[in-house]
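Colleague: In the working numbering, the protein residues as written are 164 to 473.
Glycine included, each C-beta is placed from N, C-alpha and C at the ideal position.
This structure is a prediction, so every number in the text was calculated from the model and none was measured.
Structure in structure tokens, see below.
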């Protein structure tokens, strides 16, 4: 196997100007991918910026002998997300032996964190549009090419904020749990075309993590996150996008520094039945003794990942 696992393949990485997306784009370039570095160039809170992080990433990839192009279209709207995929086809679509687009990494994200009773509908909508709608929009645009060429891979960023939960992140949790559901649906619907879809739930200190409000319940997990780098996430993303992971589909992985976890997905854990059907009264008698031993605790991500990252 070549040392460059993505040699000649065309990869789109959204939100690739900074943080986890940046490190994924850079490592994709090192492994021979032709990279569309997508980033709208604003802060995680939506503020305009005079910096051009996407251009810096492209210049770094090219200086290292790779190929990359900047794209600044938003993932939040279907038309602009389609232009991201069109950019890949326009710049790299004539690559021999590979498709117009070979992999999509849905990484773009924003935060609008508040405790639930302070969260506005506008803040819910903004987060859903970037994380969930964004993953759908870019994936949908790429799916047409994946289907035609009968190959492709999706790598989506989910979060333990959705898979487990955290305080003060209801909108983000909804979006990220939705991304996990989207990934599973893509895996099922696109498998017939030799297309795979997997999720990564990253632990890393990034610009977005650094903007999380200092809620007492979150302080311990944030302290641990500060010790973890976005560079820890990139190797798994490259592997999952590559042909080396051709048999990996519909899975969710969590990365904490040098640890990689395969996450469970909802399955029945206990059952009870009554031949005559249930009434509220019989449920009041039987429900708790049968079900309560397997109730999921009302916990947060740091309760489940309670030890220091290795």
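1. Following the continuous alpha helix (DSSP H) through residue 422, name the residue where it begins and the one where it ends.
2. When DSSP builds the beta bridges, which residues end up paired with residue 362?
3. Which residues in the same chain have their Cβ closer than 7 Å to the Cβ of residue 365, if we skip the five residues on either side of it in sequence?
4. Using a Cβ-Cβ cutoff of less than 8 Å, which residues in the same chain neighbour residue 351 once the five nearest sequence positions on both sides are dropped?
5. Spatial neighbours of residue 284 within its chain, please: CB distance less than 8 Å, with the 5 preceding and 5 following residues excluded, ordered by chain position.
6. Which of the three DSSP states is assigned to residue 194 in this structure?
7. Using the beta-carbon count (16 or more within 10 Å), is residue 332 buried or exposed?
8. Would a C-beta distance cut-off of 8 Å place residue 367 and residue 328 closer than the cut-off?
9. Per the DSSP calculation, residue 301 is bridged to which residue(s)?
10. According to DSSP, what are the bridge partners of residue 332?
11. If you measure from the CB of residue 465, is any heavy atom of the ligand NAP nearer than 7 Å?
12. If contact is defined by three or more beta carbon pairs under 8 Å, each pair taking one atom from either stretch, is the stretch 211-229 in contact with the stretch 268-280?
13. Starting from the C-beta of residue 252, find all residues in its chain whose C-beta is less than 6 Å away, skip the five residues before and the five after it, and write them out in chain order.
14. Below 6 Å CB to CB, which residues in the same chain sit around residue 203 once its five sequence neighbours on both sides are set aside?
Modeller: According to the structure shown:
1. Membership of residue 422 in any alpha helix (DSSP H) is not indicated; the residue belongs instead to the beta strand (DSSP E) covering 422-425.
2. In DSSP, residue 362 forms a bridge with 319, 415.
3. Result list for residue 365: 183, 320, 396, 418, in chain order.
4. 413.
5. Answer for residue 284: no residue qualifies.
6. Correct three-state label for residue 194: coil.
7. Residue 332 counts as buried, since no fewer than 16 other beta carbons sit within 10 angstroms of its beta carbon.
8. If you check the CB distance, residue 367 and residue 328 do not come in under 8 Å.
9. Residue 301 pairs with nothing; no bridge assigned.
10. In the DSSP assignment, residue 332 is bridged to 277.
11. The ligand NAP is absent from the structure shown, which contains no ligands of any kind.
12. Counting Cβ pairs under 8 Å, fewer than three are found: no touch.
13. Excluding residues within five positions, the ones whose Cβ falls inside 6 Å are 263.
14. The residues are 235, 237.
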